[in-house]
Every structure is written in structure tokens, then in C-alpha cells.
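In UniProt numbering, the protein residues as written are 1 to 111.
I have placed the structure first, in the form of C-alpha cells, so that the comments after it can refer back to it.
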Amino acid sequence: MCTCLSGDLERYGDCFVILVVRLLSAYKEELGSSLTRIRKLVDKLPLDDGLVVAPVLEEESPKAMFPRKFFEEEYLNLEAQVTVHFLTSMSKELVSLPMFQLHVWYHTCFA
Numbered sequence: 001m002c003t004c005l006s007g008d009l010e011r012y013g014d015c016f017v018i019l020v021v022r023l024l025s026a027y028k029e030e031l032g033s034s035l036t037r038i039r040k041l042v043d044k045l046p047l048d049d050g051l052v053v054a055p056v057l058e059e060e061s062p063k064a065m066f067p068r069k070f071f072e073e074e075y076l077n078l079e080a081q082v083t084v085h086f087l088t089s090m091s092k093e094l095v096s097l098p099m100f101q102l103h104v105w106y107h108t109c110f111a
């Protein structure tokens with residue numbers, strides 16, 4: 001670790017930790033329902049290959065024929081929503097920071 005980063009961490013580490021905790025707490029509140037839905041979907045995923053052994057009728061829905069695939073697609077959709085929300089919120093938060101704080105944050109994380 002370079003000495004400038006080490007110095008920045010010593011000076012601004014507490015502020016950075018407070019910022020991260022605040023952001024993660026906000027994300028937890030905003031994304032709580034999505035995370036609960038993801039948890040429920042994972043619990044419902046069948047452990048087999050996802051095919052139903054019962055005879056398939058022509059008018060039967062794909063959801064009934066391939067429940068695992070349906071749950072996996074639903075999970076991936078929710079995961080994408082969570083990711084987009086997280087990145088959008090983080091971007092907005094960083095843009096709203098004064099330049100000095102952004103500079104400190106950048107050097108703390110990436111320098």
C-alpha cells in the first residue's frame with residue numbers, strides 16, 4: 001500500500017466507514033422486499049432438473065412444465081433489479097458529494 005493511501009485511510013477512514021454504513025443501511029431498507037422475494041424464490045427452487053414428470057397438455061403453461069426454469073428466470077430478473085438499483089443509488093450518492101469528499105473517497109478506494 002502506498003504511503004499516501006495509508007495516510008488518507010488514517011485521516012478519513014472513519015468518515016468513509018460512516019458513509020458506507022449509511023449507504024448500506026439505506027439500501028437495506030429500499031431493497032428489503034426484493035431481497036425477501038429472492039430468498040423465497042431460492043427456497044422454492046426444486047432440487048431436481050426442473051422437469052415435471054406428469055403428462056404435458058398442449059394448453060399447459062411453460063411455468064407448470066418447467067418450474068425450476070421459471071424460478072431461475074424470476075431470480076435473475078430480481079437480481080438484475082437489485083444490481084441496477086444499487087449502482088444507480090451509489091452513482092447518485094457519489095455525484096451529490098462535494099468535490100473534496102469525492103476526491104477523498106476516490107483516493108481512499110482506488111489510489
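In this text, a Cβ means the ideal position worked out from N, Cα and C, and glycines have one as well.
Note that the structure is predicted; figures quoted are calculated from it, not measured.
Given this structure, state the Cα-to-Cα distance separating residue i from residue j, to the nearest angstrom.
i	j	result
leucine 76	glutamate 30	19 Å
arginine 68	leucine 41	10 Å
arginine 22	phenylalanine 86	13 Å
glutamine 81	leucine 24	16 Å
lysine 44	glycine 32	19 Å
leucine 78	serine 89	16 Å
threonine 83	tyrosine 27	11 Å
lysine 92	glutamate 72	30 Å
arginine 11	serine 34	36 Å
aspartate 14	isoleucine 38	33 Å
threonine 36	glycine 7	40 Å
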